[in-house]
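Colleague: To convert, count from 1 in the sequence shown and add 6; that's this note's numbering. We treat Cβ as the ideally placed atom computed from N, Cα and C, and that holds for glycine.
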Amino acid sequence: MTEAIALASRHVQARNFQEAATIYQKILQTHPDHPVALHDFGVLFQLSGQPLKAAQLLNKACLINPDWFEAHRNLAITLAFLGRPAESAACCRHAITLNPSDFQMQFLLGKQLILLGQFSEAEEQLQSVISVAPDFLSGHLALGEMLVQQGKGKDAIDFYRKLLDTYPDHFSVYSGLAYAMEQEGRQEEAVQYYRQAFLKLSGSDSTDQMITVHNNLGGVLKDLGRLEEAAWEHQQSIRLNPENPQSHASLAVVLLHQGALDEAALVLQNALHFQPDHAYARVALSWLQLLRENFQEGLANFEWRIHGDYAKKLNKFPHPFWDGSSLEGKTILIVPDGGYGDTFQFIRYASLLQQQGARVIVVCSPLLEKLLATCPGVDMLVTSRKDLPPIDVQVLLQSLPHRFGTLADTIPADMPYLWAPPTCHLPESLRTALTRKDTFKVGIVWSPSFQPLKILEEVKRYCSLEHFEALLIRQDIQWFSLYKGERSHELLVHSGQVIDVGSSANDFSDTAWAIDRLDLVISVDTSVAHLAGAMGKPIWVLLPTMPEWRWMLEREDSPWYPTMRLFRQQKAGDWSNVLEQVGKALDALIACRTNT
Numbered sequence: 007m008t009e010a011i012a013l014a015s016r017h018v019q020a021r022n023f024q025e026a027a028t029i030y031q032k033i034l035q036t037h038p039d040h041p042v043a044l045h046d047f048g049v050l051f052q053l054s055g056q057p058l059k060a061a062q063l064l065n066k067a068c069l070i071n072p073d074w075f076e077a078h079r080n081l082a083i084t085l086a087f088l089g090r091p092a093e094s095a096a097c098c099r100h101a102i103t104l105n106p107s108d109f110q111m112q113f114l115l116g117k118q119l120i121l122l123g124q125f126s127e128a129e130e131q132l133q134s135v136i137s138v139a140p141d142f143l144s145g146h147l148a149l150g151e152m153l154v155q156q157g158k159g160k161d162a163i164d165f166y167r168k169l170l171d172t173y174p175d176h177f178s179v180y181s182g183l184a185y186a187m188e189q190e191g192r193q194e195e196a197v198q199y200y201r202q203a204f205l206k207l208s209g210s211d212s213t214d215q216m217i218t219v220h221n222n223l224g225g226v227l228k229d230l231g232r233l234e235e236a237a238w239e240h241q242q243s244i245r246l247n248p249e250n251p252q253s254h255a256s257l258a259v260v261l262l263h264q265g266a267l268d269e270a271a272l273v274l275q276n277a278l279h280f281q282p283d284h285a286y287a288r289v290a291l292s293w294l295q296l297l298r299e300n301f302q303e304g305l306a307n308f309e310w311r312i313h314g315d316y317a318k319k320l321n322k323f324p325h326p327f328w329d330g331s332s333l334e335g336k337t338i339l340i341v342p343d344g345g346y347g348d349t350f351q352f353i354r355y356a357s358l359l360q361q362q363g364a365r366v367i368v369v370c371s372p373l374l375e376k377l378l379a380t381c382p383g384v385d386m387l388v389t390s391r392k393d394l395p396p397i398d399v400q401v402l403l404q405s406l407p408h409r410f411g412t413l414a415d416t417i418p419a420d421m422p423y424l425w426a427p428p429t430c431h432l433p434e435s436l437r438t439a440l441t442r443k444d445t446f447k448v449g450i451v452w453s454p455s456f457q458p459l460k461i462l463e464e465v466k467r468y469c470s471l472e473h474f475e476a477l478l479i480r481q482d483i484q485w486f487s488l489y490k491g492e493r494s495h496e497l498l499v500h501s502g503q504v505i506d507v508g509s510s511a512n513d514f515s516d517t518a519w520a521i522d523r524l525d526l527v528i529s530v531d532t533s534v535a536h537l538a539g540a541m542g543k544p545i546w547v548l549l550p551t552m553p554e555w556r557w558m559l560e561r562e563d564s565p566w567y568p569t570m571r572l573f574r575q576q577k578a579g580d581w582s583n584v585l586e587q588v589g590k591a592l593d594a595l596i597a598c599r600t601n602t
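1. Helix or strand or just coil, what does DSSP make of F280?
2. Quick check: is any heavy atom of the ligand ADP less than 8 Å from the C-beta of I397?
3. Start and end of the alpha helix (DSSP H) containing G48?
4. Excluding the 5 residues flanking L246 on each side, which residues of the same chain have their C-beta closer than 7 Å to its C-beta?
5. Measuring alpha carbon to alpha carbon, tell me which residue in P174, H37, T172, Q198 is nearest A603.
6. Go through the segment 496-537 residue by residue and report every complete run of the alpha helix (DSSP H) that reaches 4 residues or more, in order.
7. For the alpha helix (DSSP H) that W238 lies in, which residues bound it at each end?
8. DSSP has D563 in a bridge; who is on the other side?
9. Taking only the alpha-carbon atoms, compute the straight-line gap between L413 and A43 and give it to the nearest angstrom.
10. Please classify I545: does DSSP put it in a helix, a strand, or coil?
11. Check the C-beta distance from V451 over to T532 and give it rounded, since I have them as a contact under 8 Å.
12. What residues in its chain sit with their C-beta under 7 Å from that of Q281, if we drop five residues either side in the sequence?
13. When you compare only the Cα positions, how much space is there between A277 and L53?
14. Can you give me the start and stop residues for the beta strand (DSSP E) that R298 sits inside?
15. For F486, report the span of its beta strand (DSSP E) as first-last.
16. Rounding to the nearest angstrom, what Cα-Cα distance links P395 and F446 in this structure?
17. Any beta carbon from chain C within less than 9 Å of L403's own beta carbon?
18. Leaving out five residues before and five after R493 in sequence, what residues of the same chain have Cβ atoms less than 6 Å from its Cβ?
19. Going by DSSP in three states, G116 sits in which element: helix, strand or coil?
20. In angstroms, rounded to a whole number, what distance separates the CA positions of R371 and A379?
21. Among all the DSSP beta bridges, which residues are the ones paired with F327?
22. Taking the continuous alpha helix (DSSP H) assigned at K66, which residues delimit it?
23. Thinking C-beta only, is A426 closer than 9 Å to I521?
24. Short of 6 Å in beta carbon distance, which residues of its chain neighbour Q295, apart from the five on each side in sequence? Order them along the chain.
25. How long is the line joining the alpha carbons of Q575 and C469, rounded to whole angstroms?
26. With DSSP as the reference, identify every bridge partner of L387, one or two as the case may be.
27. To the nearest whole angstrom, what separates the beta carbons of I417 and W293, a pair I think is in contact under 8 Å?
Okay, here's the thing in structure tokens:
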């Protein structure tokens, strides 16, 4: 037996995995509880990129021999690789009791605690590591990562800058600083530091580190709208490791933004071939499927957003998730997991939950409270956790279409499902202008809200007010701006042509009051477009060549909103044709109104 295990071990060292596996299998057929064979076979699976099988075997070895430090250490490492931080942390703790002097286990425990959001204990573990191994750079870097995870981006930047004094030529310090810059919305600086990181590469830096930085840099360049550069970075990471699923998934997202849908589909196929449960790839695939109106598979894949890095962004509540079972007599909590537009789009499902016998509680921003109170099916709105009543189950708002098996032709479209309040806080002069009956009143929104971490999304949806010039000079229309944000200054040039409502709106109920008194709303892809659609008001939406999944491809209508009309760019970044088509549509609409 000992000789067989030794022979298998030599095969593993020589990377002859198949020969080693054959030996371990024979041993375990006759001795299924042999701890060394279980452990070593688990390590083989770990080395050959099969972590699930590795974890199963290592766990069994640990159960048979609970005092074996090496087995617990390898199981902790494998569980961490699988993204199971709670289990990995528990395994680390046990390993530390067996060998308190192993600072590597303390380090791994600290990393897992960061992922679990247990920052105070994580810092204790990492500081303990640094106290016994002050030159262990990974311990310092983990402290910087923790600051980023805590949302303390500025502190993280200061931390990494100080670390550069000690490690002025280290790749990982520059890449850590770049990542902190990225999270603070300082993308241009992040690009510079990522590029500097590559200048500091040495033989000790792993291929995995280089792949991570290529992908991170590609992500920043994508958000900056520099898509060709972004694609190149992801292609470099694929060159370093053709089987890295994150690299393929990241490249696919860039291709989606470029409108290369067929190519993106092939690249996503590669990503999921290498890792079928890769959350980022699954979500990217869902966007592609939904764009092509494949709701059944698209909505199912969209559920992967609650895994991996996406899960960190969710508003977490402790209640169990609704599994689709009976809601009769139960209280369900709807938790928003997107922007205001997503809330307006999907709150329609509250009435379907109520029809199943549920009491429906909705978490919402104070800016939406008065407006969402008008939605059928909403029994209670809460803006603070402390106001929560007893809850049986929760559901993410954007999961409701999947839960109800929504297809493109079965979207609940009973309109309206949001109503304007009877009063508002707008100044009297605006209320008077909005209630005039002797003019055709059109509201416009030309820009989304500024998102420093999503410059690409903002820029491609932004249609400068200058593009509306030919429309704004029309004498047969009174224009109202519903926009509120950093680009309000663009109205100064058109102060005599456009009445500014948005700047005076306190919340969305004021915006809804204004929309209710307009004849038409024209908007780029913003929350106001969703609001007008949910109110059943005529709404024309101006879309870039590659829109969000909800607008699908080519069609001029939206199954989500019966009163909506879509105007699409024919060439990326070119709004001239879009506004020309809008002008013609306005001519036809006003002519029809005049004739009636």
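Modeller: If we stick to the structure as given:
1. In the three-state scheme derived from DSSP, where H, G and I count as helix and E and B as strand, F280 is classed as helix.
2. Questions concerning the ligand ADP fall outside what the structure shown contains, since it holds no ligand whatsoever.
3. It spans 41-53 - the alpha helix (DSSP H) in which G48 sits, taken as one unbroken run.
4. Contacts found: T213, M216, I217.
5. Any property of residue 603 remains undetermined from this structure, which presents the chain solely from 7 to 602.
6. The segment 496-537 contains these whole alpha helix (DSSP H) runs: 514-521.
7. Segment 233-246, the alpha helix (DSSP H) holding W238.
8. BP columns for D563 point to R571.
9. Near 51 Å, if we compare the C-alpha coordinates of A43 and L413.
10. Looking at I545 - three-state DSSP - the assignment turns out to be strand.
11. Going by Cβ atoms, the distance from V451 to T532 rounds to 5 Å, so yes, they are a contact pair.
12. The residues are P251.
13. The alpha-carbon atoms of A277 and L53 are separated by roughly 20 Å.
14. Segment: none, R298 is in no beta strand (DSSP E) and carries neither H nor E.
15. Unbroken beta strand (DSSP E) run through F486: 483-487.
16. As the crow flies, the alpha-carbon of P395 is around 46 Å from that of F446.
17. Going by chain labels, chain C is absent from the structure shown, which holds only one protein chain.
18. Counting only Cβ-Cβ distances below 6 Å, and skipping sequence neighbours, we find S453.
19. Helix, per DSSP.
20. The question names Arg, yet the displayed sequence has Ser at residue 371. If I take the Cα positions, the gap works out to 12 Å.
21. F327 pairs with Q400.
22. Per DSSP, the unbroken alpha helix (DSSP H) holding K66 starts and ends at 57-70.
23. In this structure, A426 lies closer than 9 Å to I521 by Cβ.
24. Counting only Cβ-Cβ distances below 6 Å, and skipping sequence neighbours, we find E303, G304.
25. Cα to Cα, the separation comes out at about 11 Å.
26. In DSSP, L387 forms a bridge with V368.
27. Incorrect: roughly 18 Å between the Cβ atoms, too far for contact.
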